[in-house]
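Undergrad:
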Amino acid sequence: MKNWIKLLSIAILLPTASTGLLAGEGMWLPLLLKALNESEMQSMGMKMTAEDIYSVNRGSLKDAIVHFGGFCTSELISDQGLLLTNHHCGYGAIQSHTSLENNYIRDGFWARSLADELPNPSLSATFIVRIEDVSEKMLKGVTDKLSEKERQSMIDKNMAALKESFALDIHEELVIRPFFKGNQYFAFVTMTYNDVRLVGAPPEMIGKFGSDTDNWVWPRHTGDFALFRIYAGADNMPAEYSEDNVPYKPKHFLPISLDGVAPDDFTLVFGFPGRTNQYLPSFAVEQTVDVLNPAKIGVRDIALKIVDAEMRADAQVKIQYASKFARIANYWKKWIGESQGLKATDGVGRKQRMEDTFTQRLQNNPQWQKKYGDILPQFRQHYKEIETFALMRDYYGEIIGRNIEIMRIVGYLNNLTKRLESNDEAAYLNYRDRLINYFEGFYKDYQSRIDQKVFAALMEHYVEKAQLGIADPVKGKLILRGNMDYAAWAKDIYAESAIPHRDRLMAILDKTPGESVAALQKDPLFMLYSELSKIYQAKVSETYEDVNGKINRLQRLYMEALMEVFPEKRFYPDANSTMRVTYGKVNGYEPRDAVTYTPVTYLDGVMEKYVPGDYEFDVPQKLQELYISKDYGQYADKNGKMPVCFIGSNHTTGGNSGSPAIDAHGNLIGLNFDRVWEGTMSDINYDASICRNIMVDIRYVLFIVDKYAGAQRLIDEMKLVHPKKNQRVEGSTIKRKRLPKKGNKGRKAATVPKN
Ligand code: ARG
Ligand code: ASP
1 MKNWIKLLSI AILLPTASTG LLAGEGMWLP LLLKALNESE MQSMGMKMTA EDIYSVNRGS
61 LKDAIVHFGG FCTSELISDQ GLLLTNHHCG YGAIQSHTSL ENNYIRDGFW ARSLADELPN
121 PSLSATFIVR IEDVSEKMLK GVTDKLSEKE RQSMIDKNMA ALKESFALDI HEELVIRPFF
181 KGNQYFAFVT MTYNDVRLVG APPEMIGKFG SDTDNWVWPR HTGDFALFRI YAGADNMPAE
241 YSEDNVPYKP KHFLPISLDG VAPDDFTLVF GFPGRTNQYL PSFAVEQTVD VLNPAKIGVR
301 DIALKIVDAE MRADAQVKIQ YASKFARIAN YWKKWIGESQ GLKATDGVGR KQRMEDTFTQ
361 RLQNNPQWQK KYGDILPQFR QHYKEIETFA LMRDYYGEII GRNIEIMRIV GYLNNLTKRL
421 ESNDEAAYLN YRDRLINYFE GFYKDYQSRI DQKVFAALME HYVEKAQLGI ADPVKGKLIL
481 RGNMDYAAWA KDIYAESAIP HRDRLMAILD KTPGESVAAL QKDPLFMLYS ELSKIYQAKV
541 SETYEDVNGK INRLQRLYME ALMEVFPEKR FYPDANSTMR VTYGKVNGYE PRDAVTYTPV
601 TYLDGVMEKY VPGDYEFDVP QKLQELYISK DYGQYADKNG KMPVCFIGSN HTTGGNSGSP
661 AIDAHGNLIG LNFDRVWEGT MSDINYDASI CRNIMVDIRY VLFIVDKYAG AQRLIDEMKL
721 VHPKKNQRVE GSTIKRKRLP KKGNKGRKAA TVPKN
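In the numbering used here, the protein residues as written are 1 to 755.
1. For N656 versus N672, is the C-beta spacing smaller than 8 Å?
2. Let me know the alpha helix (DSSP H) ranges lying completely inside the region 318-351, each 4 residues or longer, listed in chain order.
3. Let me confirm a value: L480 is counted as buried when at least 16 other C-beta atoms fall within 10 Å, else exposed. Which label applies?
4. Which two residues bound the contiguous alpha helix (DSSP H) that contains D156?
5. Can the beta-carbon of V644 be found less than 8 Å from the beta-carbon of G223?
6. Starting from T126, follow the beta strand (DSSP E) in both directions and report where the run begins and ends.
7. Just checking my contact of V129 with T190 at CB under 8 Å: how many whole Å lie between their CB atoms?
8. Taking the straight line between their C-alpha atoms, what separation do you get for K585 and S60?
9. Look up R220 in the DSSP assignment and say whether it is helix, strand or coil.
10. Let me make sure I understand the geometry here. Which of K157, D492, T680 and E38 has the alpha-carbon closest to that of K477?
11. Any heavy atom of the ligand ASP closer than 7 Å to the beta-carbon of D674?
12. Taking all protein chains shown into account, decide if V729 is buried (16 or more other Cβ within 10 angstroms of its Cβ) or exposed.
13. Should Q712 be labelled buried (16 or more other beta-carbon atoms within 10 Å of its own) or exposed?
14. Residues in the same chain with beta-carbon distance under 7 Å from A326, minus the five sequence neighbours each way, listed in chain order, please.
15. So, with DSSP's three-state summary, where would you put P500?
16. Excluding sequence positions up to five away, which residues of its chain have a Cβ less than 7 Å from the Cβ of S78?
17. Considering Cα atoms alone, identify which of M484, I53, L509 and K453 is closest to E440.
18. Across the region 210-224 and the region 695-715, are there enough close Cβ pairs to call them in contact, namely three or more that are closer than 8 Å?
19. Closer than 7 Å by C-beta to F68: which residues in its own chain qualify, once you throw out the five before and the five after it? Chain order, please.
20. Of all the options P500, K550 and R449, which has the alpha carbon lying nearest to the alpha carbon of V307?
21. Suppose contacts are defined by Cβ-Cβ distances below 8 Å. Is I319 in contact with I105 by that definition?
22. If we ignore side chains and look at the alpha-carbon of each, how far apart do D683 and L505 end up?
23. Give the straight-line distance between the Cα atoms of F526 and S516, rounded to the nearest whole angstrom.
24. Determine which residues share a DSSP beta bridge with G584 and list them.
25. For L82, count the other beta carbons within 10 Å of its own beta carbon; 16 or more makes it buried, fewer makes it exposed. Which is it?
26. In whole angstroms, what separates the C-alpha of P377 from that of E150?
27. Please find out if some non-hydrogen atom of the ligand MG comes closer than 7 Å to the beta-carbon of S657.
28. Determine the extent of the alpha helix (DSSP H) in which G411 is found, giving its start and end residues.
29. Between the Cα of Q381 and the Cα atoms of V547, G337, L420 and N483, which residue gives the shortest distance?
30. Are the region 137-146 and the region 229-248 touching, with three or more C-beta to C-beta distances below 8 Å?
31. Hey, F188 and F179 are a contact pair by Cβ (cut 8 Å); roughly how many whole angstroms apart?
32. What are the start and end residues of the alpha helix (DSSP H) that includes C89?
33. Please list, in chain order, all residues of the same chain as Q340 whose beta carbon is under 6 Å from its beta carbon, the five residues on each side excluded.
34. Cα-Cα, which of T359, G411 and D706 is closest to W110?
35. According to the Cβ coordinates, are E398 and K296 closer than 8 Å?
36. State the Cα-Cα distance for the pair T733 and G640, rounded to the nearest angstrom.
What follows is the structure, given as structure tokens:
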């Protein structure tokens, strides 16, 4: 393992062109920056050292970066635990406090004091205390001779031993994750705070401006931010929610630069990217583009159309379904862009050409040929084998597991009955109480009338698309009814079943375990689910898991092979929800022939897009007034314009939402929230010419907090700085006039003179 790192650090000394890695590509582990990236980052303009970014010995940038709820990133921006993330990351929390009377989604929310900040039982904030390479310990005794099963049990054993012996302080937890497809392992010591309160959110006309039409699209004009605060016990340590908790005192928080960005400025994005797949063989990419993505898109097309119409017709439905709808629509659109982008950039062809080179190099080296020669032919065979199973898995997952809401609920109930069937009453009761808790939130936002429509449409789709007999139970029921009228069937089954009705279901769960299970097992939706899941397990799941296991084994070997066969390339591990650093530059791009996109949007663009009363492009009155009076305070750029968003060549993915965009000196300049349409395929095939991440300009965030919301108390907490004012003019020996010493750094917002 160590050799790799050495190899990698040699590779970095080569000029970028010959490494095959374009500046911007890569999601790097913070503890390896020194070895792999520091010199490149500095050559791109960074003024920090790797130790400034990640240190276990002193406060560093990493101490300001927080995994938000396990699905997004956030960062500390004050010494009182003030946390910045995206509006769409806080959406579930904002929605949970929203009603028709207190419509925080529509109107925004601004806590006037600490006491007004709203607790969110389901949110968490996780810090990374330190990271360690544990590859050697985890792979002890693992050899090529072991079968997959033996290998796994050896690794499980090593993991258990490692966890046993690992020294953790109070409140610390240990997470061990495979990297490079299981060729390496890293351990993350984490600390999680569970008292995270909502502090402020703009109205969705700002925080979600452009909504689904503009989602994944540049030019963009969304103020996609929200503010939270971490609370701690009196000892500054994690504590469950209590009125007595106090704002958390961070080891480090990010100063905020008011100087903005210019093309070619260095940017660093620090966060928790979720999942990427950069090392797939061409066969897999082809399958994703041609088979799997279109199937998933097709299912969501149907569900989204139904829910969208209902949301537009009824304000209450809009509140209830806003968050769920956004989540489903988000990846629906992402898959469309991803498939288009892979086609447009010849993603499959590029992989094939790389595979040709790989094959040639093997042929010139008998040892490699012997060890790795079978990989690509076997990939081809296994991907062919798995195709139908993978497709059916996606249909089942999308239809039964996700888009018919009640089926997902029945899935949980099915898990519940299993606990009693295996005679574990304690486990049953524990799980039941957790479910009841969850259901309280679920039914608040559930309309069986709408779900019933989705059910009817998707069941029909399931019957149409199913192979291997997995929809036979549905067909059987309709044949018994004497016609193929899905709507009528849906109406009957939703009326007859207790599960779409909160009170009826709760009454069942109130009974003794034995009675509850008996009642559930007689319920028509429960019975339908059981049949569908059984047939799916038998016809799809087993084979899928079997072939997928073989693919995973090959993928691990392929990763090892790539690193050995392409020693001139610098490799980075796929995203796996662990902490990463990516860096690039502020940069526009050319989406298509004769079109050039510049990297910054302005408030003028918001007004260009403005459609009065529109579902997606309305603009709040107050913002219009600020625009007309150009009342931008200290937040305007040097031409007096109000910047809104900017793009750069940072390699990000889902989970990076809410990540800070940081300048060369370690100051906050923006808030990552999306990627551009032409580059959504970056999870599979990053292309530096068109892959861009989208960030809200931090000055827009501050402008909204200060001028729009009047939340001066929050601005006062922050540390606003002017790093560019202190810079020497490039290529000149004349220094700009010095600001008074105290004014240069560490200046509090309250002392920054207003324009
Ligand atoms: N596309 C961004 C991301 O993947 C933002 C999604 C939230 N916005 C929305 N309209 N659904 O999360
Ligand atoms: N919008 C994404 C997120 O929520 C970021 C991305 O996919 O670029 O994490």
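Even glycine gets a Cβ: it sits at the ideal position worked out from N, Cα and C.
TA: According to the structure shown:
1. As a first step, residue 656 is located in the sequence shown; it is residue number 656 there, counting from the start. As a first step, residue 672 is located in the sequence shown; it is residue number 672 there, counting from the start. Yes, the pair counts as a contact, with Cβ atoms nearer than the cut-off.
2. none
3. Within the sequence shown, residue 480 is the residue found at index 480, counting from 1. So L480 counts as exposed.
4. Counted from its first residue, the sequence shown places residue 156 at position 156. Its alpha helix (DSSP H) spans residues E148 to S165.
5. Counting from 1 along the sequence shown, the entry for residue 644 is found at position 644. Counting from 1 along the sequence shown, the entry for residue 223 is found at position 223. Cβ distance < 8 Å, so V644 and G223 count as in contact.
6. If you number the sequence shown from 1, residue 126 lands on position 126. Note, T126: beta strand (DSSP E), A125 to D133.
7. Numbered from 1 along the sequence shown, position 129 holds the residue referred to as residue 129. Numbered from 1 along the sequence shown, position 190 holds the residue referred to as residue 190. Indeed they touch by this definition, with Cβ atoms about 6 Å apart.
8. Counting from 1 along the sequence shown, the entry for residue 585 is found at position 585. Counting from 1 along the sequence shown, the entry for residue 60 is found at position 60. Their backbone Cα atoms lie some 22 Å apart in a straight line.
9. Numbered from its first residue, the sequence shown carries residue 220 at position 220. Coil, per DSSP.
10. As a working mapping, residue 477 is identified with position 477 in the sequence shown. The residue with the shortest Cα to Cα distance from K477 is D492.
11. By one-based count along the sequence shown, residue 674 stands at place 674. Checking every heavy atom of the ligand ASP against the Cβ of D674, one is found closer than 7 Å.
12. Counting from one through the sequence shown, the residue named residue 729 turns up at place 729. For V729, the predicted structure reports a pLDDT of 41, less than 50, and the residue's modelled location is therefore unreliable. A value from the coordinates is still provided. Exposed, because fewer than 16 other Cβ atoms sit within 10 Å of the Cβ of V729.
13. By one-based count along the sequence shown, residue 712 stands at place 712. Exposed is the call here.
14. Along the sequence shown, read from residue 1 onward, the residue named residue 326 stands at position 326. Only H88 and Y91 meet the Cβ criterion.
15. Your numbering for residue 500 matches position 500 in the sequence shown. Three-state DSSP puts P500 in coil, outside helix and strand.
16. To locate residue 78, count along the sequence shown from 1; it is residue 78. Cβ within range, chain order: F253, E717 and M718.
17. Translated into the one-based positions of the sequence shown, residue 440 becomes position 440. Out of M484, I53, L509 and K453, L509 has the C-alpha closest to the C-alpha of E440.
18. yes
19. Here residue 68 is taken as the residue at index 68 of the sequence shown, counted from 1. Taken in chain order, the residues that qualify are S74, T85, C89, A125 and G658.
20. Here residue 307 refers to the residue found at position 307 when the sequence shown is read from its first residue. Ranking the options by Cα distance to V307, first place goes to R449.
21. Numbered from its first residue, the sequence shown carries residue 319 at position 319. Numbered from its first residue, the sequence shown carries residue 105 at position 105. It is a contact, given that the beta carbons lie within the stated cut-off.
22. Reading the sequence shown from its first residue, position 683 is the one you call residue 683. Reading the sequence shown from its first residue, position 505 is the one you call residue 505. Approximately 41 Å, taken between the alpha carbons.
23. Here residue 526 refers to the residue found at position 526 when the sequence shown is read from its first residue. Here residue 516 refers to the residue found at position 516 when the sequence shown is read from its first residue. If you take the alpha carbons of F526 and S516, they lie about 12 Å apart.
24. Along the sequence shown, one-based indexing puts residue 584 at 584. Answer is T267.
25. Looking up residue 82 in the sequence shown gives position 82. It counts as buried.
26. As a first step, residue 377 must be located in the sequence shown, where it is residue number 377. As a first step, residue 150 must be located in the sequence shown, where it is residue number 150. Rounded to whole angstroms, P377 to E150 spans 25 Å at the Cα level.
27. Among the ligands in the structure shown, the ligand MG does not appear; only the ligand ARG and the ligand ASP can be found there.
28. In the sequence shown, counting from the first residue as 1, residue 411 sits at position 411. Note, G411: alpha helix (DSSP H), E405 to E421.
29. For the purposes of this step, residue 381 is taken as residue 381 along the sequence shown, with counting starting at 1. Nearest C-alpha to Q381: V547.
30. no
31. Working through the sequence shown from its first residue, we reach residue 188 at position 188. Working through the sequence shown from its first residue, we reach residue 179 at position 179. About 11 Å separates the two Cβ atoms, so there is no contact after all.
32. Position 89 of the sequence shown holds residue 89. C89 -> alpha helix (DSSP H) spans H87 to S96.
33. For this step, residue 340 is matched to residue 340 along the sequence shown. Answer for Q340: no residue qualifies.
34. Taking the sequence shown and counting its residues from 1, the one referred to as residue 110 is at position 110. For W110, the nearest C-alpha among the options comes from D706.
35. Within the sequence shown, residue 398 is the residue found at index 398, counting from 1. Within the sequence shown, residue 296 is the residue found at index 296, counting from 1. Yes.
36. Numbered from its first residue, the sequence shown carries residue 733 at position 733. Numbered from its first residue, the sequence shown carries residue 640 at position 640. Caution is warranted here: a pLDDT of 37 is assigned to T733, below 50, making its placement in the model unreliable, and no coordinate value can be reported.
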